[in-house]
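Q: So the protein sequences, as listed, match chains A and B. Following this note's numbering from start to finish, the first sequence increments by one per residue and tops out at 195. Following this note's numbering from start to finish, the second sequence increments by one per residue and tops out at 195. Ideal placement from N, C-alpha and C gives every residue a C-beta, glycine not left out. These numbers were taken from a predicted model, which means no experiment stands behind them. First the structure, which I've put down as structure tokens, then a few questions once you've had a look.
2 protein chains.
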Amino acid sequence: MRLFFRLCAFALGAAAMTAPVLAQDAIRNAITARQSLMHLYAFNLGQLGAMAKGEMAYDAETASVAAGNLARLTSIKAGPMFPPGSDNATIDKTRALPALWQNLPDVGVKQAAVAKAAAAMEAAAGDGLPALQAAIGPLGQACGACHKAYRAPED
Amino acid sequence: MRLFFRLCAFALGAAAMTAPVLAQDAIRNAITARQSLMHLYAFNLGQLGAMAKGEMAYDAETASVAAGNLARLTSIKAGPMFPPGSDNATIDKTRALPALWQNLPDVGVKQAAVAKAAAAMEAAAGDGLPALQAAIGPLGQACGACHKAYRAPED
């Protein structure tokens, strides 16, 4: 895709690049949006995980807020944040594998599993540390299932 | 606050800095989280705004998804993303003014206004371009009210 843009620039001159450049900006914007969403998952999950591991004192209110936020975040419809051409074979600064776009129904199943595990955490988080600890494993596994299948390892 | 950390480092040596450094990391993490949330607001609002201005063709499904996402995002409890010590007088790479922490009840009122305007947009966005256009003004004004009061202008 980047080669295509370079060829366009060469053949048509800079003035004709407006549309492709805008498209590239839109793809960058979508990648930043999904990375923002993942950061917000991690911010809230991080607090729950720290309590589960005893690194942070359990607090029912803090846990409930984090779990409620996570449940809302997992209900976001993220399709527009994954436009075609935003995979790591086409563009840099993303670890999203092309396989994601080749398996969209499975991505939907995995996303639904994350939302279900987050809803279970929302129901459990304020009910004491053992309830939180019981809910964190399935939640982490649901996140990991999507990352394992569709995200490249870190360099 | 930064001066405080520097004085600590000078007086106590690097080994004693572990706790403040961790706290600083937590503050950075919270700032990234709220900036991620604002980026997600902007990503979804941007699509609605582009349709309202005729820069993007109106599409009821696209508009409904963006508005639904925005409504979910505005229901996020953002308090943990605004810890004390994360204002722009204390730390760099944020434009959040100290006034925000001095007026938390008003921040809550302004946040509720954003959530209400986003809910109105969610109800309107799929009902045609005129309905979307009628809802975008109050939504932009609600966002702007908080930025005007509690966010420093860009340099």
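1. Are the beta-carbon atoms belonging to Lys156 (chain A) and Ala185 (chain A) less than 7 Å from one another?
2. Less than 8 Å between C-beta atoms, sequence neighbours within five positions excluded: which residues of the same chain meet that for Leu113 (chain A)?
3. List, in chain order, every chain B residue whose beta-carbon is nearer than 7 Å to that of Lys133 (chain A).
4. Counting only C-beta atoms, is Asn109 (chain A) closer than 7 Å to chain B at any point?
5. In terms of alpha-carbon separation, which member of A:Leu179, A:Pro138, A:Leu172 lies closest to Ala189 (chain A)?
6. Checking contacts by CB at 7 Å: is His187 (chain A) closer than that to chain B?
7. Relative to the alpha-carbon of Val105 (chain A), which residue among B:Ala118, B:Leu144, B:Ala66, B:Glu194 has its alpha-carbon at the smallest distance?
8. Excluding five sequence neighbours on each side, which residues of the same chain lie with their C-beta closer than 8 Å to the C-beta of Ala103 (chain A)?
9. Can you have a look at Leu110 (chain A) and say buried or exposed, based on whether 16 or more other CB atoms are within 10 angstroms of its CB?
10. Got a sec: is the Cβ-Cβ distance from Ala73 (chain B) to anything in chain A below 7 Å?
11. Between the alpha carbons of Ile71 (chain B) and Gly94 (chain A), how many angstroms are there, rounded?
12. Please tell me whether Asn143 (chain B) and Ala192 (chain B) are closer than 7 Å, where the distance is taken between their beta carbons.
13. Please say whether Glu162 (chain B) and Gly108 (chain B) have beta carbons closer to each other than 7 Å?
14. Please report whether the beta-carbon of Arg112 (chain A) lies at a distance below 7 Å from any beta-carbon of chain B.
15. Would Ala160 (chain B) and Ala175 (chain B) be called neighbours here (beta carbons separated by less than 7 Å)?
16. Ordered along the chain, which non-local residues of its own chain (more than five positions away) have a Cβ less than 8 Å from that of Leu169 (chain B)?
17. Suppose the cutoff is 7 Å on Cβ atoms and the five residues either side in sequence are ignored; what does the same chain contact list for Ser126 (chain B) look like?
18. Can you tell me which of the three DSSP states Ala165 (chain A) falls into?
19. Can you tell me whether Arg135 (chain B) is helix, strand or coil according to DSSP?
20. Output, in chain order, the set of chain A residues within a Cβ distance shorter than 9 Å of Pro120 (chain B).
21. Can you list the residues of chain A that Leu77 (chain B) reaches, using a CB-CB cut of under 8 Å?
22. What residue does the alpha helix (DSSP H) around Gly108 (chain A) start on, and which one ends it?
23. Enumerate in chain order the residues of its own chain whose CB-to-CB distance from Pro123 (chain A) is below 8 Å, with the five nearest sequence positions on each side excluded.
24. Could you work out which residue in B:His187, B:Ser115, B:Ala63 is closest to Leu140 (chain B) when comparing CA atoms only?
A: For this structure:
1. No, they are not a contact pair.
2. Within the same chain, Leu113 (chain A) has close Cβ partners Leu77, Leu80, Tyr81, Asn84, Ala158.
3. None at all; the shortest Cβ gap to chain B is about 15 Å.
4. Using beta-carbon distances, Asn109 (chain A) counts as an interface residue toward chain B, with a partner under 7 Å.
5. That would be A:Pro138, whose Cα lies nearest to the Cα of Ala189 (chain A).
6. No, its Cβ sits nowhere closer than 7 Å to a Cβ of chain B.
7. Measuring from the Cα of Val105 (chain A), the nearest candidate turns out to be B:Ala118.
8. Around Ala103 (chain A): Gln87, Leu88, Met91, Ala165, Gly166, Leu172.
9. Buried, by the Cβ-count rule.
10. Answer yes: the Cβ-Cβ gap between Ala73 (chain B) and chain A drops below 7 Å somewhere.
11. For the pair Ile71 (chain B) and Gly94 (chain A), the Cα-to-Cα distance works out to about 24 Å.
12. Not a contact, by the Cβ cut-off of 7 Å.
13. Yes, Cβ-Cβ distance for Gly108 (chain B) and Glu162 (chain B) is below 7 Å.
14. Answer yes: the Cβ-Cβ gap between Arg112 (chain A) and chain B drops below 7 Å somewhere.
15. Yes, the Cβ-Cβ distance between Ala160 (chain B) and Ala175 (chain B) is below 7 Å.
16. Here the set comprises Met91, Ala92, Tyr98.
17. Hits under 7 Å: Ile67, Ala70, Ile71, Thr134, Ala136.
18. Here Ala165 (chain A) sits in coil by DSSP.
19. Three-state DSSP puts Arg135 (chain B) in coil, outside helix and strand.
20. Residues of chain A passing the Cβ test: Phe83, Asn84, Gln87, Thr102, Val105, Ala106, Asn109.
21. For Leu77 (chain B), the chain A residues whose Cβ falls inside 8 Å of its Cβ are Ser76, Leu80, in order along the chain.
22. That run of the alpha helix (DSSP H) goes 100-114.
23. Excluding sequence neighbours, Pro123 (chain A) sits near Ala66, Ile67, Ala70.
24. Comparing Cα positions, the closest option is B:His187.
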